[in-house]
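In the working numbering, the protein residues as written are 1 to 226.
A quick write-up on the structure given underneath.
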Ligand code: DX5
Ligand code: ZN
């Protein structure tokens, strides 16, 4: 199975965000992941659409915007206009999830959902036709550099099953604690879009060395580009 990387800029050096975004693309990452946090849904505060807009000209990667904010429906159009290709919302913040996914689709962008570790997959059972991406949080959202929660592996497997049964192409992302110790297990469980922040931007090597090291942990047919 082909997997792709979506480095999360949360762990990038914000004083040279453009350089880091460029390096990730040059190293072969097809996606770039932007973590938007509001200090309400999650304890941390990060950035808004302006930052995504400013990085847009330096990378032709697909931009995935992970909205960890209350009432995300207020900001969908702004994040779409800023250059997001996919917008992920948390069902925990969306009482009218179907409507919010339609709202994203109406902007011409790709809709997705991100699920907290404790949120069951059942919440998306009836919106599978409206999704292009499912993101399984393998840490509690809010911070980079946390430890992977192993109990999420069966959840990834079940999500992969749901996708197979849907007959649609839906990216299965995993977000949180993806590193050289966990990456093989998440791909084995069925993930095909690997979000990684600290192991890419705050690792020991350059962005390219860090991404190469992650890819080297995968079987040859799982490596990006295979
Ligand atoms: C956490 C964010 C993640 C974060 C992952 O709330 O959604 O995207 O950047 O960071 P690492 O890879 O360091 O766990
Ligand atoms: Zn994220």
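Beta carbons are placed, not taken as given, at the ideal position from N, Cα and C, and that holds for glycine.
Residue range 153-166 is occupied by the alpha helix (DSSP H) that includes residue 166.
The residue from 19, 80, 62 and 22 with its alpha-carbon nearest to that of residue 48 is 80. The criterion of a C-beta distance shorter than 9 Å is not satisfied by residue 193 and residue 183.
Between residue 127 and residue 98, the C-beta gap is smaller than 9 Å, which places the two residues in contact.
Our two residues, residue 68 and residue 141, have alpha carbons roughly 8 Å apart in a direct line.
Of all alpha-carbon atoms in 212, 175 and 218, the one lying nearest the alpha-carbon of residue 29 is that of 212. Membership of residue 34 in the beta strand (DSSP E) is indicated by the continuous run 31-37.
In this structure, DSSP gives residue 93 a helical state, which the three-state scheme calls helix. Judged by pairs of C-beta atoms under 8 Å, the stretch 70-84 does not touch the stretch 164-181, as fewer than three such pairs exist.
Look at residue 131 here: in three-state DSSP terms it is coil, with no helix or strand label.
By the neighbour-count definition (other C-beta atoms within 10 Å, threshold 16), residue 199 is a buried residue.
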